[in-house]
Amino acid sequence: MKIYTAEAEVLQFRHVWTEMIRGIIHSRYLAYRLFLKDLRAEYSRLKFSLVWDFLEPLMLALVFIALMRSGVVSDRGIAMPPAVFITFGVLLWMTFSEAVTMPLGVVGKSRHLVTQTSIVPEALILSVVWRVAFNSIFRIAILAIVAAALGSLSPVGFLKFLLLFPAIVLLGLALGILLAPFNTIYNDIGRFVNILLRPLMYASPVLYARSMHPLLDTFNACSPVSIVLVNLRSLATRNVLEQPGLLASCVGMSLLFLVGWFIFHVSIPVVAERA
Amino acid sequence: MKPALIVENVYKKYSRNAHAHLDYGIRDLFNTLMGHRQRLALRADEFYAVENVSFQLDQGDSLGLIGRNGSGKTTLLRMCNGLIKPDGGRIMVDGRVQALIALGAGFNPKLSGRENIYNAAAVMGMNSRQTRAIFDEIVQFSELEEFIDSPIGTYSSGMYARLGFSVSVHLQPDVLLIDEILSVGDHAFQNKCFRKLHQIKKQGVTFVLVSHSQTHIVQMCERAIWLHQGRLMQLGPSTEVVQAYLDFLDQENLERLREQPDGAEAAPSRPKEEKRQPIPPAGARISEATRKAAADGLYHAVYDEQDRVEDVRLEFYAGDSPVDVVTMHQRLTIRYSFRLRQPVTDLNVSLVFYRADGLQLSTISTLNGHLLRDFHEGQIECEVEIEDFCLVPGTYVLMMPIHEGQSYLYRNVVKEFVVRSNGRLSWAVLDFPYRYRVLSKTPR
Chain A
1 MKIYTAEAEV LQFRHVWTEM IRGIIHSRYL AYRLFLKDLR AEYSRLKFSL VWDFLEPLML
61 ALVFIALMRS GVVSDRGIAM PPAVFITFGV LLWMTFSEAV TMPLGVVGKS RHLVTQTSIV
121 PEALILSVVW RVAFNSIFRI AILAIVAAAL GSLSPVGFLK FLLLFPAIVL LGLALGILLA
181 PFNTIYNDIG RFVNILLRPL MYASPVLYAR SMHPLLDTFN ACSPVSIVLV NLRSLATRNV
241 LEQPGLLASC VGMSLLFLVG WFIFHVSIPV VAERA
Chain B
276 MKPALIVENV YKKYSRNAHA HLDYGIRDLF NTLMGHRQRL ALRADEFYAV ENVSFQLDQG
336 DSLGLIGRNG SGKTTLLRMC NGLIKPDGGR IMVDGRVQAL IALGAGFNPK LSGRENIYNA
396 AAVMGMNSRQ TRAIFDEIVQ FSELEEFIDS PIGTYSSGMY ARLGFSVSVH LQPDVLLIDE
456 ILSVGDHAFQ NKCFRKLHQI KKQGVTFVLV SHSQTHIVQM CERAIWLHQG RLMQLGPSTE
516 VVQAYLDFLD QENLERLREQ PDGAEAAPSR PKEEKRQPIP PAGARISEAT RKAAADGLYH
576 AVYDEQDRVE DVRLEFYAGD SPVDVVTMHQ RLTIRYSFRL RQPVTDLNVS LVFYRADGLQ
636 LSTISTLNGH LLRDFHEGQI ECEVEIEDFC LVPGTYVLMM PIHEGQSYLY RNVVKEFVVR
696 SNGRLSWAVL DFPYRYRVLS KTPR
């Protein structure tokens, strides 16, 4: 028997976690359908649907290769061709950025479902995971092609890269679902995050290996997204872990994800009436 | 019988102010995350959308929810479905709940009917295999076999609603919550929906039906709740609750008429001899809403220039007293008078009855019998007797066209009046005067 009260669910800690795990198990098919629904709706007016998904990262990679060949970007202080360095940096950042922003808007986008059906919150989270994973396939393929074409691919390292890749998605999702309930009420949160992500990309080791500014270097040494990004790139190309703190970052982001998930789950009934 | 739905002292509050609504949302969210219980006390600009409502439904019970717009019916339904949290009290639901709050909730117009069926079923917790098992039944019921692979954005609103209803009722819920959605589609489909709901009811599904239609409530539900401004006014057998609600509406209409600008009391009880007093001016106690509706053409043409006719007067009499409120099946006398400013040769007067929403109901005209056809001038005064006034309870409007041949000399609303119930349940527009005789009741 389901009981709805004014009591805050947070206090029923064990019950909430049971519901969350049950939600994940039972909403797998629904999440897949929601993912398919959004994808098909997006592709409904596209003749070359998948081509565009593949073309976007490909064009970025080709631009960076062309810039490298023309000498605009140099290989100062990096142990790989600058086109590989920048392509990995930009595409990994795009994945992180997408994993942050997609959950932020998922409640608003699914307003009808949230306000008119008793949808399980976990279905919304899983549908975002599906979508980010789908978009990532094209980026990973381009990364492998670019690294191989420029002679920087480490086959063993790339396998490790694939295993570690979900970490950057998890980090983005953790931040996204943590802020999503607040963004459902006031969209200022989403606006601020979108504005913040752009300068953060330039502050992070996406385009440059070293910032030449001690404050930024300290920031990057502590930033989990920088740590994961740098190590993903070095693993795929040289099969080494370049920056310390990966394990701590992974544990930290996992805890953050669990907190974000918990907050998302207990907040949905509260924010649904204001979605 | 096992309870399927228990609602105990439930409260829900909302803010009237859009900004405050969001500010309170953030505060409530923080309170929830800090583990604080939602406070029941009202904050600035807040009101109770649902206030201290309790009831219980056993498995297979059916309950109707009636009340005016904004009385809290949909809010209560949403809380029963767990879509929003109560601010006080508790709701317990046993079994799978399906809410038909908006037909086709979550449908994507770019996708086909087929894909939307699978998506809607997934939202209800059905997997692909379970959906395949009921897919044909859903399509057959919706009568959309031919269009099931077309994007639903190309469907008409009726087709969209048919698909939405069909999906919702075939998902095998234990508790079905239906919010005023049975006015969709054509009449044939509405009947089909009702047959389906009766079938579901027979299968033992518990349901709560929100409707403004007394017919739907009485036909579908054994019990009913009347909500007013969030409060439970009455809970009991549906016929009794519906009757109490209709009496309340009558009373409200009566009070509205009493508050008209000239301050005239509706249905004042005056002594018999006052019947011979001058008839009051026509249109003296017309509400602003009716004046506006008339000006907007809801009751067709208006010609109120007093250039050819003046001093139009009209009054209703029930028995010996002038009335603005007529009891159903009462004997009614209408007296009117006017003065012609110039002689006319082909005079006709009609009394056209409209329901307040503009539905034309009946016309009494002097054309029948050519009562006023000959040459006329000066004052005209007539009386019309209606033996059994059989309009059902509601608010009505009387238009009075005065013609000379095909030309209007005058045409305007001359009376706004209320018909109240005489205690007999009635539906639609008319309640025929009848005598009912049961000729035999022989057991099989």
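Chains as they are written, first to last, in the numbering used here: chain A, 1 to 275; chain B, 276 to 719. Note that the Cβ used here is the ideal one computed from N, Cα and C, for glycine as well.
Among the options, nearest to residue i - alpha-carbon criterion
i	options	result
residue 521 (chain B)	B:314, B:702, B:299	B:702
residue 318 (chain B)	B:641, B:390, B:292	B:292
residue 350 (chain B)	B:337, B:464, B:618, B:376	B:376
residue 275 (chain A)	B:278, B:288, B:300	B:300
residue 379 (chain B)	B:390, B:371, B:523, B:665	B:390
residue 476 (chain B)	B:676, B:494, B:490	B:494
residue 468 (chain B)	B:500, B:429, B:413, B:423	B:413
residue 679 (chain B)	B:633, B:711, B:622	B:622
residue 603 (chain B)	B:430, B:692, B:491, B:348	B:692
residue 189 (chain A)	A:100, A:70, A:50	A:100
residue 505 (chain B)	B:718, B:655, B:329, B:305	B:329
residue 141 (chain A)	A:61, A:103, A:33, A:206	A:61
residue 670 (chain B)	B:614, B:497, B:528	B:528
residue 500 (chain B)	B:525, B:342, B:668	B:342
residue 133 (chain A)	A:240, A:185, A:49, A:102	A:102
residue 430 (chain B)	B:561, B:385, B:407, B:397	B:385
residue 470 (chain B)	B:711, B:489, B:441	B:441
residue 435 (chain B)	B:464, B:711, B:556, B:526	B:464
residue 628 (chain B)	B:418, B:517, B:665	B:665
is_contact[residue i, chain B] using C-beta, thresh 8 Å
i	result
residue 263 (chain A)	yes
residue 274 (chain A)	yes
residue 258 (chain A)	no
residue 186 (chain A)	yes
residue 139 (chain A)	no
residue 10 (chain A)	yes
residue 271 (chain A)	yes
residue 122 (chain A)	no
residue 127 (chain A)	no
residue 41 (chain A)	yes
residue 3 (chain A)	yes
8 Å Cβ cutoff met for residue i and residue j
i	j	result
residue 584 (chain B)	residue 630 (chain B)	no
residue 324 (chain A)	residue 242 (chain A)	In this structure chain A extends from 1 to 275, so residue 324 (chain A) is not present and cannot be described.
residue 83 (chain A)	residue 65 (chain A)	yes
residue 371 (chain B)	residue 449 (chain B)	yes
residue 114 (chain A)	residue 268 (chain A)	yes
residue 514 (chain B)	residue 332 (chain B)	no
residue 282 (chain B)	residue 359 (chain B)	no
residue 321 (chain B)	residue 290 (chain B)	yes
residue 120 (chain A)	residue 15 (chain A)	no
residue 289 (chain A)	residue 56 (chain A)	Look at the range of chain A in this structure, 1 to 275, and you will see that residue 289 (chain A) is not part of it.
residue 658 (chain B)	residue 606 (chain B)	no
Host alpha helix (DSSP H) of residue i (start-end)
i	result
residue 52 (chain A)	49 to 69
residue 284 (chain B)	Taken as a continuous stretch (DSSP letters only), residue 284 (chain B) belongs to no alpha helix (DSSP H), being part of the beta strand (DSSP E) at 278 to 290.
residue 109 (chain A)	82 to 109
residue 412 (chain B)	403 to 417
is_contact[residue i, chain A] using C-beta, thresh 8 Å
i	result
residue 291 (chain B)	no
residue 318 (chain B)	no
residue 347 (chain B)	no
residue 448 (chain B)	no
residue 313 (chain B)	yes
residue 393 (chain B)	yes
residue 366 (chain B)	yes
residue 361 (chain B)	yes
residue 495 (chain B)	no
residue 372 (chain B)	yes
residue 545 (chain B)	Note that residue 545 (chain B) has pLDDT 41, beneath the 50 cutoff, so the model's placement of it is unreliable and the number below is only indicative. Output row for residue 545 (chain B): interface = no.
residue 284 (chain B)	no
residue 508 (chain B)	no
residue 539 (chain B)	Unreliable placement is indicated for residue 539 (chain B), whose pLDDT of 43 sits below 50; the coordinate value is still reported in the next sentence. No, because no Cβ of chain A sits closer than 8 Å to the Cβ of residue 539 (chain B).
residue 385 (chain B)	yes
Any non-hydrogen atom of the ligand ADP within 7 Å of residue i CB
i	result
residue 107 (chain A)	Absence of the ligand ADP is noted for the structure shown, with no ligands found whatsoever.
Interface partners of residue i on chain E, CB under 8 Å
i	result
residue 304 (chain B)	The question asks about chain E, but that chain is absent: this structure's protein chains are A and B.
Range of the contiguous beta strand (DSSP E) that encloses residue i
i	result
residue 499 (chain B)	498 to 503
Worksheet item: Do the stretch 89 to 96 of chain A and the stretch 221 to 232 of chain A touch if we need at least three Cβ pairs shorter than 8 Å?
Response: Yes, the stretch 89 to 96 of chain A touches the stretch 221 to 232 of chain A.
Worksheet item: Does the count of Cβ pairs from the stretch 564 to 581 of chain B and the stretch 680 to 687 of chain B closer than 8 Å reach three?
Response: Yes: the two stretches touch, three or more of their Cβ pairs being nearer than 8 Å.
Discussion item. Counting beta carbon pairs with one atom in the stretch 382 to 398 of chain B and one in the stretch 37 to 45 of chain A, are three or more of them shorter than 8 Å?
Written reply: Segment contact: the stretch 37 to 45 of chain A against the stretch 382 to 398 of chain B, three or more CB-CB distances shorter than 8 Å; contact assigned.
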